[in-house]
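Novice: Quick note, the numbering used here runs 65 ahead of the 1-based positions in the sequence shown.
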Amino acid sequence: PNLPLDLSIPNPDKKKNIQESEWAYSYFHMTPTIAGITILSKFQNDVKNAESQVIEFCHKEIGEVEIVYDEFQALAGTNATYLMPGDELVITAGIGAFSKSAKPSVSVDGASASLNADGMAEYKTTVGNPGEYTKRVNINYVKQDGTTASVVKEIKYRVGVPSGLVVSTDKTRVFYQDLENPLSVIGGGGAGAEKVSVNVTGPEVSFRNAGAGTYIVTPKRLGIATVTASDGKGKPVTLQIPIKPVPAPLATVGGRAGGEMAAGIFKIQKGVAAELRDFVFEGVKWSVTSYIVYFTGKGFEEGEQLFEVNGPYFSDEVKTFLKRVQPGTTVVIDEIYVTGPGGRKKLEQNISFTLN
66 PNLPLDLSIP NPDKKKNIQE SEWAYSYFHM TPTIAGITIL SKFQNDVKNA
116 ESQVIEFCHK EIGEVEIVYD EFQALAGTNA TYLMPGDELV ITAGIGAFSK
166 SAKPSVSVDG ASASLNADGM AEYKTTVGNP GEYTKRVNIN YVKQDGTTAS
216 VVKEIKYRVG VPSGLVVSTD KTRVFYQDLE NPLSVIGGGG AGAEKVSVNV
266 TGPEVSFRNA GAGTYIVTPK RLGIATVTAS DGKGKPVTLQ IPIKPVPAPL
316 ATVGGRAGGE MAAGIFKIQK GVAAELRDFV FEGVKWSVTS YIVYFTGKGF
366 EEGEQLFEVN GPYFSDEVKT FLKRVQPGTT VVIDEIYVTG PGGRKKLEQN
416 ISFTLN
């Protein structure tokens, strides 16, 4: 478009010297203040008008982009493909319009899905253990203005148990190393617990009957546990359940994992604790076995002081230097080792306190 904006120097060929050829000199030399403001206001209005014309031109160009929808298909879906009595069933339905020239790019959990002749993506997979699962679908497509857009949808589904047996790990979908993991196996079709046989195998896995339909599984090593259950009526149910380590604890001093703390409060601390927060199993304990303490900053101008400590409690040497901490002191606790389910391990975490 022709823009109403002219910032060129007027009559450049008639300028007598370099100074007169300058833009500011040409417009504002010997110009009264009011006239100068008027000139600047004109430039401002010209810029706004030019901006408006550019926007109008761009909008017009966008409006001329056309995508022809040449395929239509009825779409229907449900909120679940496996329901139990009392569950709510939700059905959504409508008509989808497609353009063969604007093929979408579809991925499911990061894996590309191929398009069929109608431009619809098809993704096939074999489901595993019983339970509820979610697939993350990412769709990239071309909008009417020619730009690309992305939409993410979550597809939820439930995998049932064949032959009427219900096998559940109760608390989680995994077994934790060195813990007593509850397992429930209930026979279907009225089969009592006495008719159900259960076997659990895996790397150093032991299990015992803890009552009607309840078992305790204790794995000693990481890997995969195989649960096989049968009620004598149909094909046995076999589940592959991962054996994972218990999550690492959080090392704390005075209930905090670092940050700012009053010097007076830090002086009365007894040592380092290992806390396992928000874990599904209660009563799981970790113990601190060793760590290194550094004192720097205010009160330690002669240089950094370093101490190795065995056990959770501060040693007598550390307690002596605790008396010197003050606002401006930095205390770092590193190389923290703990023992618990699965044995001894080093934490990737360190603790740093700035005292105030």
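Beta carbons are placed, not taken as given, at the ideal position from N, Cα and C, and that holds for glycine.
Should T103 be listed as close to the ligand COA, given that the test is whether its C-beta is under 7 angstroms from any heavy atom?
Specialist: Judged by which ligands are present, the structure shown has none, so any question about the ligand COA falls away.
Novice: Alpha carbon to alpha carbon, how far is T419 from K335? Give it in angstroms, no decimals.
Specialist: Each residue's alpha carbon lies about 18 angstroms from the other.
Novice: My output table needs one value for A100: the three-state DSSP class, helix, strand or coil.
Specialist: Helix.
Novice: So A322 and I401 are supposed to be a Cβ contact under 8 angstroms. How far apart are they, rounded?
Specialist: That pair is no contact at about 11 angstroms.
Novice: Could you tell me which residues DSSP pairs with T213 in its beta bridges?
Specialist: Answer is V207, bridged to T213.
Novice: Below 8 angstroms between beta carbons: does that hold for N421 and P392?
Specialist: Their beta carbons are under 8 angstroms apart, which means N421 touches P392 by this criterion.
Novice: Compare the C-alpha of S249 against each of Y241, D243, V261 and Q242 and name the closest.
Specialist: Nearest of Y241, D243, V261 and Q242 to S249, Cα basis: V261.
Novice: Does the beta-carbon distance from G319 to I306 come in below 8 angstroms?
Specialist: No, these two residues do not count as a Cβ contact at 8 angstroms.
Novice: Determine the direct distance from the alpha carbon of F372 to that of E382, and round the result to whole angstroms.
Specialist: Those two C-alpha atoms are separated by around 8 angstroms.
Novice: Thinking G348 and T394 are a contact (beta carbons under 8 angstroms), I'd like their distance in whole angstroms, please.
Specialist: Contact flag wrong, Cβ pair sits at about 36 angstroms.
Novice: Going by DSSP, what residue range makes up the alpha helix (DSSP H) through E382?
Specialist: Taken as a continuous stretch (DSSP letters only), the alpha helix (DSSP H) holding E382 covers D381 to L387.
Novice: In the structure shown, what three-state DSSP assignment does E340 receive?
Specialist: E340: strand per DSSP, three-state reduction.
Novice: Using 10 angstroms around the beta-carbon of L341, count the other beta-carbons present and answer buried if the total reaches 16, otherwise exposed.
Specialist: So L341 counts as buried.
Novice: Drop a sphere of 10 angstroms on the beta-carbon of P169, count the other beta-carbons inside from all chains shown, and report buried for 16 or more, exposed for fewer.
Specialist: Result: buried.
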